[in-house]
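All remarks here apply to the structure that follows.
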Amino acid sequence: MAKMSSAAGKGFLAVITGLLVVVLAVSAYAAFAISTSSSSSSQLTVLEQNQSQLSSEIQALQSQLGTMRLQVGTIYNLTAGTAVFGGVPKPPAGDIAVRWVIGQYERLTGLNFTVYSVAPSATFWATISLKPGQTCGSDVVQQLLYNKNVTYCQSQLLGSPLPDNTLFIKPGQTMEVAFVVTSTATVNQQFAAVPHTYVPDQFQGFSVQTGVGEQCWCVAVNYPIAAGGTYIRVISIAVDSSVTPGTQVILNHVLYGPIGQA
15 MAKMSSAAGK
25 GFLAVITGLL
35 VVVLAVSAYA
45 AFAISTSSSS
55 SSQLTVLEQN
65 QSQLSSEIQA
75 LQSQLGTMRL
85 QVGTIYNLTA
95 GTAVFGGVPK
105 PPAGDIAVRW
115 VIGQYERLTG
125 LNFTVYSVAP
135 SATFWATISL
145 KPGQTCGSDV
155 VQQLLYNKNV
165 TYCQSQLLGS
175 PLPDNTLFIK
185 PGQTMEVAFV
195 VTSTATVNQQ
205 FAAVPHTYVP
215 DQFQGFSVQT
225 GVGEQCWCVA
235 VNYPIAAGGT
245 YIRVISIAVD
255 SSVTPGTQVI
265 LNHVLYGPIG
275 QA
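Residues in the sequence shown are numbered consecutively from 15, following our numbering.
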């Protein structure tokens with residue numbers, strides 16, 4: 015399917031709407047011409063026959079325009095949003111494709127985002143923030159009655175970078191991946207995450223929101239990232255068995271820093 019920009023998608027919809035307005039205007043003019051005609055009865059009969067034929071043609075054209083509008087609207091919903099982020103790779107047969115993007119960094123500078131597969135020893139929700147040159151860091155794990163400091167090393171959590179930050183996963187599966195944020199800034203920063211949105215939120219008539227779930231960044235928790243450092247968090251994604259193979263979706267996050275942070 016050809017990619018369509020947001021502007022192009024809206025342009026197509028505008029053109030179709032304009033055509034429909036023209037058709038309705040022609041129909042109204044024809045009716046007006048007949049009602050105001052002072053022609054003889056034979057001429058009036060011819061005009062009525064022509065009007066009837068024109069009415070049938072208009073109805074057929076309206077039906078065609080309605081179909082075109084529906085088709086263009088469907089294409090726009092599937093492609094215009096993803097085009098903003100560069101689209102989603104086509105998954106292998108039987109899989110769906112889930113791509114992660116950071117749509118906006120607010121009050122943050124010099125951050126880059128990559129998604130990795132996880133190492134066999136990775137622990138769900140393990141989180142570390144490393145200074146330049148560090149390979150291991152401490153995470154505070156909340157347990158039933160107390161908090162426990164746990165040390166994780168980068169090699170214990172990370173596998174390989176996912177090409178284009180995209181995971182191929184089968185319906186019915188649950189997998190873990192690692193979010194990695196790196197800093198090229200010269201200042202220490204903190205960031206929090208806004209819950210992800212789906213682009214598009216429907217695919218082939220199916221609500222992706224009900225079929226693709228993610229346990230990821232906790233809302234309103236400030237995570238530290240050192241100047242030139244690395245932040246890692248292991249998250250989980252679950253795909254319901256009802257999701258249609260071939261589905262392509264983007265999970266879009268927004269990261270933001272505290273007010274007053276440059």
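All C-beta atoms in this analysis are idealised placements derived from N, C-alpha and C, irrespective of residue type, glycine included. Since the structure is predicted, the reported quantities are computational estimates derived from the model, not experimental observations.
Helix, strand or coil for residue i per DSSP?
i	result
T128	strand
T141	strand
T258	coil
Q203	strand
T196	strand
T88	Unreliable placement is indicated for T88, whose pLDDT of 44 sits below 50; the coordinate value is still reported in the next sentence. Here T88 sits in helix by DSSP.
T149	coil
G80	Unreliable positioning characterises G80 in this predicted model, as indicated by a pLDDT of 49, which lies under 50. A coordinate reading is not provided.
Q223	helix
I273	coil
L61	helix
V98	helix
L171	helix
Q67	helix
P209	strand
S52	Caution applies to S52, whose pLDDT of 48 falls short of 50 and renders its modelled position unreliable; the value that the coordinates give is listed next. Coil, per DSSP.
P177	helix
G108	coil
N236	coil
G186	coil
Would the beta-carbon of residue i fall within 9 angstroms of that of residue j?
i	j	result
V329	P185	A query on residue 329 cannot be resolved here, the shown segment of the chain reaching from 15 to 276 and no further.
V248	G227	no
W139	N179	no
Q229	P105	no
T141	I246	yes
Q275	I239	no
P259	D109	yes
A192	S152	no
R121	I273	yes
K145	V154	no
Taking just the CA atoms, how far does residue j sit from residue i?
i	j	result
N126	V194	8 angstroms
P103	Y212	16 angstroms
Q187	Y237	29 angstroms
Y119	L269	5 angstroms
V112	T196	21 angstroms
T123	I116	13 angstroms
T224	P209	15 angstroms
N266	V98	11 angstroms
V14	T59	The displayed coordinates of the chain run from 15 to 276. Any statement about residue 14 would go beyond what the structure contains.
Q67	F217	40 angstroms
I183	S70	50 angstroms
P175	N202	25 angstroms
Q148	G101	35 angstroms
T200	L181	32 angstroms
C150	S255	37 angstroms
Y160	G271	28 angstroms
P177	L171	18 angstroms
Can you give the beta carbon distance from residue i to residue j, rounded, assuming they're within the 8 angstroms contact cut?
i	j	result
G243	S143	6 angstroms
A136	E190	6 angstroms
G284	A207	Nothing can be reported for residue 284, as the shown portion of the chain is limited to 15 through 276.
Would you say residue i reaches chain B, if we count a Cβ-Cβ gap shorter than 9 angstroms as a contact?
i	result
Q65	Absent here is chain B; the protein component of the structure consists of one chain.
Should the region 159-173 be called in touch with the region 221-234, which here means at least 3 C-beta pairs below 8 angstroms? Taking one beta carbon from each stretch, the region 159-173 and the region 221-234 have fewer than 3 pairs nearer than 8 angstroms; the two do not touch.
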